[in-house]
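Visitor: Encoded as C-alpha cells, here's the structure I'll be asking about.
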C-alpha cells in the first residue's frame, strides 16, 4: 500500500473555493487507494493578520505567546479541509501539532522537530481515514505550543513522511516544479523531471525559492522522495531524490541559479598573519550579518592581502561600519564596497566527474565580455560574482552553453 | 492569599484597545497582591466569522471539526492578553483548554466539564504568574478538542474557580450587575448588591440574560461566590452567593423577571384519564419542542379537563400541528392557541417564609385590571401569564408594590 504525504501552502488554501479544490485533489488520490496524510499552511494573509494584531500590542511580541497566536491559522484550515473531505464522503480527522505530538525543542518561533508520535495517525490510516495535520507547529516536552518559523509547513510534511515511511512527500505550491533557471530570465528554461537533494540545496540557497532549505535537508537526511507540484495546474512536477547514478546519464549541469540581493566588501592591504580571517569576520557575525561568498587570495610581496566577502544588500551599511573599525585595528589600507553586483552559479552533480566545466563556464562568460570579479567553487557548484548589469546576459549564455533547454537523457 | 478568577466576555476583548483595557484591570488586581486566573472569550464577531466559514463548506458542519475550528477564537485572545500583561511588566502565561487539561466528555459543541488538572496552574500562581485560560473549550480523554457551547466561557470561569478553590469568580460583562428588573421597562430598577444562586437561576431562566444558567448552577453546586461586574464601568457589581439567612434581613421579593417570547396552547375537553398529561406532552417533546409553563386544572363534571402549556413562539406552529394530531387521538374537543401573551414572575427566597405574597401579587395586578390567564408557582417564584399588551404595566406595578426601588436592608 502506498502512503502519500501532501502539503498545501497558504495560496493553495487561501479561500473556501481553494480549500474545496484541495479536497478534490486529496479525494482523488484517496480514491486511487493511497493512504493519505495532508499537511496544511494557514490561509494566505492570515499569519500576517495575526502578527499584525500582536505587534499592535508589543513591538517585539513575546515568543511563547506569539506561537500560541499564529498556530491558530493552520488550526482553522485543517478543520475546514476535514469538513470538505467529509462532505465528499471521505473519512477525515484533523490534528494540531500538539495532538499528533510533533515534539520540538522549546526555541519558540523557530523550533526544531525532535520526534513525532505516529501511533494515532497509523490507527487512523489503518481505518481508512485521511489524516489532516496542521503544518508549521508542534509542542515542546512541557506541552507549550511551538512553531517552526516561516515556511515550516514544508518541514512538517517531510518530517511526517519520514516518520511514517511514506512513499513520497508531495509539496503542492504555486509553481509547477523546479526549473533549469528562472523562466522570467530565460524563455526556454525547462522544468526538471528529477533533481538530486544536493543540487536542490544549491539551487534553493542560491535563489530559486521553491522549497524551504530545511525541508530539503531533512528530506535528504531521511531519504524521503520529495516532489514539487502545482496546486493549480496538472503535471508531474519535479522529483527531488537521491543521486542514483546507475539509472540515468547525469547531465553535466542541472541548472543556473542567481541572486541579485548581494553586496561586496573588500578590506585591502591587511597584514597577512594567522587568524586574520577570523579577526575580520567575527565582528561581522557578532552583528548578526550573514556572510555568503568569501574570497582571500595569496598575499602580495609586501606581506599584505586583500580579503573580500559578500553580504545581503540590506546589511551593507552596517557591515561597512564594522569593517572600517576592523580595518583601523588591523592597520589595513582601506575598505571598499560595491552593491552593483550579482551572483551567478551553475549547479549539477554531473560536474563531479567532468573536468573542464569551470573553464567552459569562464570561457562562455568571457565570450560575452563579462568580467568575473570573484569565483568560488564546491563539488557540485561554481559561483561567480559579476557586475549586475550583465546578470541576464550571463544566465542566458550559460543556459545555452550547457544545453539546458534540451530534455535530459531518459531517466 | 486571595485568588480571583476573572472572566471577560467577547465584547470586553473585542479589539486591541479593549484587550489593553482588560490588561489594565487584571494588572490592577495583581498589583494589589491577588493571585489571578483570567478566562477569556473570543473577540466579539470572531466565533460567528468562523462558523460562517464552516457553513460555506457544510450546512451542518462536522461537530468534531467545528470544535477544532471555533476553539481558535479564544486561543487568539489569550495570547494577546498575555502579551499585554508582559508589556506591563507582569509575568503571564496562556493556556488552551487542552493545555490545562480541562477534561470534558466527548459531546462535541456542547461538552460538559468532568475534571480540571490544576497542577500546572498552581505552579504558575505560586511563581507569581497570571494564568490566562481560553474559555469555552476543553479536551476529551482522547485529546480531541471540545467546546462547551455558546456562553461556555462563564462555565469555564466557575469550574476553574471551583477547582482552584478561588476566593471569588468575577464575571466581567457589558452590564454592571443584576437588576431588580429590566431598567428599560422600569426607570427605577435598582442593581442588587447580592442575590442567591436560586434567585439568580429563576431570574436567568425567566429572561434576565446576564449569566449562563449552567455557570450559575455550577457555582451553586460548588459554592463558588460569583460576582457580575461591568468591564466598562466602575462598581462592585452583584455578588451571587449562598443564602446566608443569619447575615441579612431577606426582602420578600428580589426581582421581577419577564418573558415575551412565549405562546400558549390549550387542548380542551380531554377525557381525564391517568397518564393523559404524558400522552399530550410526550409527542411535543419528541419534536424537540421545549415546554415551559404547564397548567392542568381539576376535571369538569363531565370527566373532561383542559390542559394548557406554553412553548417558545418560534415553535408554536409545529407544536400546534402535533397537538391537533394528539387531540384527534384522544377524542378531545379542540385545540386553541395564542401568541399574544407574556410571562411575568416575582422571584425571591424571602417568599418562602412570608405568607400572602401570592395574594399581594394578584391583588396588585387586579388593581390595574390585568387579567391573569395562568398561574404557576415554585418555592421562590410565582409566574403569571397575561395578555402581552399589559406586560410593561404589570412589571412596573409589581416593582412598585414590592418596593424594589428602595435599597435592601443592609447586607
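Residue numbers (full-length UniProt numbering), protein chains in the order written: chain A, 1 to 411; chain B, 1 to 411.
Beta carbons are placed, not taken as given, at the ideal position from N, Cα and C, and that holds for glycine.
1. How should residue 347 of chain B be labelled, buried or exposed, when 16 other C-beta atoms within 10 angstroms of its C-beta is the threshold for buried?
2. Pick from A:343, A:265, A:351, A:328: whose alpha carbon is nearest that of residue 315 of chain A?
3. The alpha helix (DSSP H) with residue 399 of chain B in it runs from where to where?
4. Should the region 130-145 of chain A be called in touch with the region 182-195 of chain A, which here means at least 3 C-beta pairs below 8 Å?
5. Starting from residue 62 of chain A, find everything on chain B with Cβ-Cβ shorter than 9 Å and list it in chain order.
6. Give every residue of the same chain whose Cβ lies closer than 8 Å to the Cβ of residue 77 of chain B, excluding the five residues on either side of it in the sequence, and list them in chain order.
7. Residue 57 of chain B by DSSP, collapsed to three states: which one?
8. Would you tell me roughly how many angstroms separate the C-alpha atoms of residue 413 of chain A and residue 10 of chain A, rounded to the nearest one?
9. Note down, in chain order, each residue of its chain lying with its Cβ closer than 7 Å to the Cβ of residue 118 of chain B, except the 5 sequence neighbours on either side.
10. Would you say residue 172 of chain B and residue 229 of chain B are within 8 Å of each other, going by their C-beta atoms?
11. For residue 139 of chain B, does the three-state DSSP call read helix, strand or coil?
12. Applying the 10 Å Cβ sphere with the 16-neighbour rule, what's the burial state of residue 202 of chain A?
13. Would you mind telling me which residues of chain B sit closer than 9 Å to residue 39 of chain A, beta carbon to beta carbon, in chain order?
14. Is DSSP giving residue 283 of chain A helix, strand or coil here?
15. Got a sec, what are the start and stop residues for the beta strand (DSSP E) residue 20 of chain A sits in?
16. Using a C-beta to C-beta distance shorter than 7 Å, which residues of chain A count as neighbours of residue 65 of chain B?
17. Compare the Cα-Cα distances from residue 274 of chain B to each of B:371, B:261, B:304, B:379 and report the closest residue.
18. Going by beta carbon distance, what residues of the same chain come within less than 6 Å of residue 338 of chain A, once the five residues before and after it are set aside?
19. In terms of alpha-carbon separation, which member of B:262, B:401, B:277, B:113 lies closest to residue 218 of chain B?
20. Kindly indicate which residue of A:147, A:240, A:231 has the alpha-carbon position closest to the one of residue 66 of chain A.
21. The region 44-57 of chain B: which residues have C-beta closer than 9 Å to a C-beta of chain A, in chain order?
22. How would you call residue 253 of chain B, buried or exposed, if buried means at least 16 neighbouring beta carbons within 10 angstroms?
23. Among A:223, A:238, A:204, A:125, which residue has its Cα nearest to the Cα of residue 170 of chain A?
24. Per DSSP, residue 7 of chain A forms a beta bridge with which residues?
25. Looking at residue 227 of chain A and residue 168 of chain A, is the spacing between their C-beta atoms short of 8 Å?
26. Spell out whether any CB of chain A is found under 8 Å from the CB atom of residue 72 of chain B.
27. According to DSSP, which residues form a beta bridge with residue 84 of chain B?
28. Within 8 Å of any Cβ in chain A, is that where the Cβ of residue 76 of chain B sits?
29. Identify, in the order they occur along the chain, each residue of the same chain with its Cβ nearer than 6 Å to the Cβ of residue 2 of chain A, setting aside the five sequence neighbours on each side.
30. Which parts of the UniProt domain "ACT" (265-349) of chain B are runs of the alpha helix (DSSP H), unbroken and 4 residues or longer, counting only runs that do not cross its ends?
31. Where do the ends of the alpha helix (DSSP H) carrying residue 412 of chain B lie?
32. So who's on the other strand from residue 258 of chain B, going by DSSP bridges?
33. By DSSP's criteria, residue 145 of chain A is part of a beta bridge. Which residues make up the other side?
34. By DSSP's criteria, residue 242 of chain A is part of a beta bridge. Which residues make up the other side?
35. In terms of alpha-carbon separation, which member of A:343, A:51, A:79, A:49 lies closest to residue 57 of chain B?
36. Buried or exposed: residue 102 of chain B, going by 16 or more other Cβ atoms within 10 Å of its Cβ?
Guide: Taking the geometry as given:
1. buried
2. A:265
3. 391-401
4. Contact between the region 130-145 of chain A and the region 182-195 of chain A is absent, because fewer than three Cβ pairs lie under 8 Å.
5. In chain order: 79, 82, 83, 86, 87, 92.
6. 13, 19, 40, 41, 42, 43, 134
7. helix
8. It is not possible to answer for residue 413 of chain A, since the shown part of chain A is limited to 1 through 411.
9. 163, 164
10. yes
11. strand
12. buried
13. Listed along the chain, the chain B residues whose CB falls inside 9 Å of the CB of residue 39 of chain A amount to none; the nearest CB is some 15 Å away.
14. helix
15. Taken as a continuous stretch (DSSP letters only), residue 20 of chain A belongs to no beta strand (DSSP E), being part of the alpha helix (DSSP H) at 16-31.
16. Residues of chain A passing the Cβ test: 79, 82, 83, 94.
17. For residue 274 of chain B, the nearest C-alpha among the options comes from B:304.
18. 264
19. The shortest C-alpha separation from residue 218 of chain B is found at B:113.
20. A:147
21. 50, 53, 54, 56, 57
22. buried
23. A:238
24. A:39, A:171
25. Result yes, Cβ atoms of residue 168 of chain A and residue 227 of chain A sit closer than 8 Å.
26. Interface residue, yes.
27. Paired residues: none, contrary to the question.
28. So yes, residue 76 of chain B belongs to the interface.
29. 34, 167
30. 276-286, 316-330
31. Any answer about residue 412 of chain B is impossible in this case: the structure gives chain B only from 1 up to 411.
32. Looking at the DSSP assignment, residue 258 of chain B forms a beta bridge with B:344.
33. A:139
34. BP columns for residue 242 of chain A are empty, so no partner.
35. A:79
36. buried
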